[in-house]
Amino acid sequence: MRIRATVAAVSGALALSALAVPGAQAADSGSASTYRADAAKVREAAHAAATSGKSAFSTSAAAVDEPYALDVTFSNIKVNKGKPIVVGATTHVTIPVTYTLTHAADVDITAADFLNGPYIYRGSFDTPDNFQFGDDPGTCTPTSSTVASCVADIDIYANEGYLVNSDAGTWKAAGLAYAYNGQDPSSTSFDITKVGVADQGGFTSPNVQRQSKLTVNAAPEPVKKGKTITVTGKLTRADWETNKYAGLSGQSVVLQFRKAGTTTYKNVKTIKSTSGGALKTTVKASVDGYYRFTYAGVSTVGTSTATGDYIDVK
Numbered sequence: 039m040r041i042r043a044t045v046a047a048v049s050g051a052l053a054l055s056a057l058a059v060p061g062a063q064a065a066d067s068g069s070a071s072t073y074r075a076d077a078a079k080v081r082e083a084a085h086a087a088a089t090s091g092k093s094a095f096s097t098s099a100a101a102v103d104e105p106y107a108l109d110v111t112f113s114n115i116k117v118n119k120g121k122p123i124v125v126g127a128t129t130h131v132t133i134p135v136t137y138t139l140t141h142a143a144d145v146d147i148t149a150a151d152f153l154n155g156p157y158i159y160r161g162s163f164d165t166p167d168n169f170q171f172g173d174d175p176g177t178c179t180p181t182s183s184t185v186a187s188c189v190a191d192i193d194i195y196a197n198e199g200y201l202v203n204s205d206a207g208t209w210k211a212a213g214l215a216y217a218y219n220g221q222d223p224s225s226t227s228f229d230i231t232k233v234g235v236a237d238q239g240g241f242t243s244p245n246v247q248r249q250s251k252l253t254v255n256a257a258p259e260p261v262k263k264g265k266t267i268t269v270t271g272k273l274t275r276a277d278w279e280t281n282k283y284a285g286l287s288g289q290s291v292v293l294q295f296r297k298a299g300t301t302t303y304k305n306v307k308t309i310k311s312t313s314g315g316a317l318k319t320t321v322k323a324s325v326d327g328y329y330r331f332t333y334a335g336v337s338t339v340g341t342s343t344a345t346g347d348y349i350d351v352k
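Numbered according to this note's numbering, the sequence shown spans residues 39 to 352.
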């Protein structure tokens, strides 16, 4: 199921009323996709007003088609321990997040129909190109009457179309909280003005990167000392639109060597990948050991290192 940014051109009431069941029931159901879908709809409802030039939230109960601004704020959002989020061509990536939730004394964060969690988004906060939630809401442990320490995961499924290749690069983090306060979106008496929503963005997130892969082959083997060894390989990166790996050309890749009986690889030379990600270079045989390629990555592509290929020098 693909969940990208599709801010509804409808009122907040209509968007929230599209929820089949209250979020609390969704969380209890154990469905991995229900919270994600509900959170996305709540976010769309909260931001729908922005498309018509109105404020996203109203602090006044007089607003007839908007949720009110829930007195909840987020801070200290740490995504993936600050490390890049590397996503393969077909993998499910679970991204750990820690954060602090601060709330007013009258906001019951232990209520069954209060849910919250982090998400990441690409582009502007109000109209993002893409955003990704977790399968489940965050879990919070109160540290005082108005502050809680929280943990959650954000889930990305590469083989379900959650990303396109242009999504690689800079993202931001945000936090979303919503309280139904006993309101049932499936009920004819549903009153959106009694639903509270807090959505806060602009937090730092690591880059989302396309996974890279490297192969290596050193030949001939065995080889006489002083003779030429040809080392070949290939650099590829994940294509999120085809769910395959494609050659990556024009990238600097380092050839490394580890002498047999030692544990440390040393740089030999730097070469560039050519058409289709092909790698090829030559070195002189000296001692037994392992050759490998390593790639430092760029802002949109993750790092990778090939498994060393052993050469027996006679």
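Note that CB positions come from ideal geometry on N, CA and C, so glycine has one too.
Cβ-based burial, P244 [other Cβ within 10 Å; buried from 16]: In the sequence shown, the residue the question calls residue 244 occupies position 206. By the 10 Å Cβ count, P244 comes out buried.
Runs of beta strand (DSSP E) lying entirely within the region 189-256, each at least 3 residues, in chain order: 210-217, 234-242, 246-248
Residues near C188 in its chain [Cβ-Cβ closer than 6 angstroms; skip 5 each side]: Position 150 of the sequence shown, counting from 1, holds the residue named residue 188. The residues are Y137, L139, G176, C178.
Anticipated Cβ contact below 8 angstroms, G264 with S287, distance rounded: As a working mapping, residue 264 is identified with position 226 in the sequence shown. As a working mapping, residue 287 is identified with position 249 in the sequence shown. No, G264 and S287 are not in contact; Cβ-Cβ is about 32 angstroms, not under 8 angstroms.
Pair within 8 angstroms by beta-carbon distance, L317 and K272: Working through the sequence shown from its first residue, we reach residue 317 at position 279. Working through the sequence shown from its first residue, we reach residue 272 at position 234. Yes, they are a contact pair.
Chain-order list of residues whose beta-carbon lies under 7 angstroms from that of P122 (same chain, five-residue window excluded): Numbered from 1 along the sequence shown, position 84 holds the residue referred to as residue 122. Only P244, N245, Q247, G340 meet the Cβ criterion.
Among V233, V291, E259, the one whose alpha carbon lies nearest that of Q221: As a working note, residue 221 is residue 183 in the sequence shown. Taking only the C-alpha atoms, the option nearest Q221 is V233.
Buried versus exposed, by CB contacts within 10 Å (16 or more), K210: As a working note, residue 210 is residue 172 in the sequence shown. When all chains shown are included, K210 counts as buried.
For T268, three-class secondary structure by DSSP: Taking the first residue of the sequence shown as position 1, residue 268 is located at position 230. Strand.
Neighbour-count burial assignment, Y348, 16 or more Cβ in a 10 Å radius: Locating residue 348 in the sequence shown gives position 310, counting from the first residue. Y348 comes out exposed.
Helix, strand or coil at T302 [DSSP, three-state]: The sequence position of residue 302 within the sequence shown is 264, counting from 1. The answer is coil: DSSP assigns T302 none of H, G, I, E or B.
Per DSSP, cross-strand counterpart(s) of T136: Here residue 136 corresponds to residue number 98 of the sequence shown, with the count starting at 1. According to DSSP, T136 bridges with K116, V189.
K79 (DSSP reduced to helix, strand or coil): In the sequence shown, counting from the first residue as 1, residue 79 sits at position 41. Helix.
Local conformation of G288 per DSSP, three classes: As a first step, residue 288 is located in the sequence shown; it is residue number 250 there, counting from the start. If DSSP states are grouped into helix, strand and coil, G288 belongs with coil.
CA-to-CA distance, A284 to K310, given in whole angstroms: Here residue 310 refers to the residue found at position 272 when the sequence shown is read from its first residue. Here residue 284 refers to the residue found at position 246 when the sequence shown is read from its first residue. Each residue's Cα considered, the two are about 16 angstroms apart.
One or two residues paired with R160 in a DSSP bridge: Working through the sequence shown from its first residue, we reach residue 160 at position 122. Answer is N168.
Contact set for Q334: own chain, Cβ-Cβ below 7 angstroms, skip 5 residues either direction: Here residue 334 is taken as the residue at index 296 of the sequence shown, counted from 1. According to the sequence as given, residue 334 is Ala; it is not Gln. T341, listed in sequence order.
Short Cβ contact (8 angstroms threshold) for T128 with A86: For the purposes of this step, residue 128 is taken as the residue at position 90 of the sequence shown. For the purposes of this step, residue 86 is taken as the residue at position 48 of the sequence shown. Not closer than 8 angstroms, so no.
Helix, strand or coil at T72 according to DSSP, with G and I counted as helix: To locate residue 72, count along the sequence shown from 1; it is residue 34. Note: T72 maps to helix in three-state DSSP.
Within-8 angstroms CB hit, T72 to chain C: The structure shown contains no chain C, having only a single protein chain.
Q289 vs Y303 beta-carbon contact at 8 angstroms: Start at 1 with the first residue of the sequence shown, and residue 289 comes out as number 251. Start at 1 with the first residue of the sequence shown, and residue 303 comes out as number 265. Going by C-beta atoms, Q289 is not nearer than 8 angstroms to Y303.
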